[in-house]
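Peer 1: Got a structure for you, questions after.
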Amino acid sequence: MALSSSFRERLEHMEQTRNQRLSLLQAEKEVQANKYQVLQSKLSNVRSIERRCLKLDHKISSQHVVVSFLKAEIDRLSYGYAAVLQQFRFVHPICRQIV
35 MALSSSFRER LEHMEQTRNQ RLSLLQAEKE VQANKYQVLQ SKLSNVRSIE RRCLKLDHKI
95 SSQHVVVSFL KAEIDRLSYG YAAVLQQFRF VHPICRQIV
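Using my numbering, you'd call the opening residue of the sequence shown number 35 and step up by one each time.
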């Protein structure tokens with residue numbers, strides 16, 4: 035049974051349209067795969083930056099502890115200096131003029 039030429043043309047056109055759509059779908063799939071790779075790379079960079087930020091936060095916290103310790107040490111030494119100066123002034127009246 036022979037197919038009519040118009041029917042055959044219609045089938046060929048449908049096949050051509052199908053192939054074009056498959057080609058477009060494949061191209062879209064590749065575009066999506068590339069976008070996924072770009073997003074993965076960006077996510078990796080963000081995570082790396084987050085890790086660096088956490089390390090810096092930890093370092094800052096450690097430095098705050100050191101600063102607090104040093105301030106306490108300065109206060110302790112200042113108090114000790116003031117106490118010694120007070121005793122010295124009591125023992126040596128000439129030194130009462132020392133600030």
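Every residue, glycine too, gets a C-beta built ideally from N, C-alpha and C.
Please report how far the alpha carbon of glutamine 121 lies from the alpha carbon of serine 112, in whole angstroms.
Peer 2: Sequence index remark: in the sequence shown, residue 121 carries index 87 (1-based). Sequence index remark: in the sequence shown, residue 112 carries index 78 (1-based). Distance between the alpha carbons of glutamine 121 and serine 112: 14 Å.
Peer 1: Along the chain, where does the alpha helix (DSSP H) that runs through serine 57 open and close?
Peer 2: Numbered from its first residue, the sequence shown carries residue 57 at position 23. Element bounds for serine 57: 39-125.
Peer 1: In angstroms, rounded to a whole number, what distance separates the CA positions of glutamine 74 and glutamate 62?
Peer 2: On the sequence shown, position 40 is the one that residue 74 refers to. On the sequence shown, position 28 is the one that residue 62 refers to. So the two alpha carbons sit approximately 18 Å from each other.
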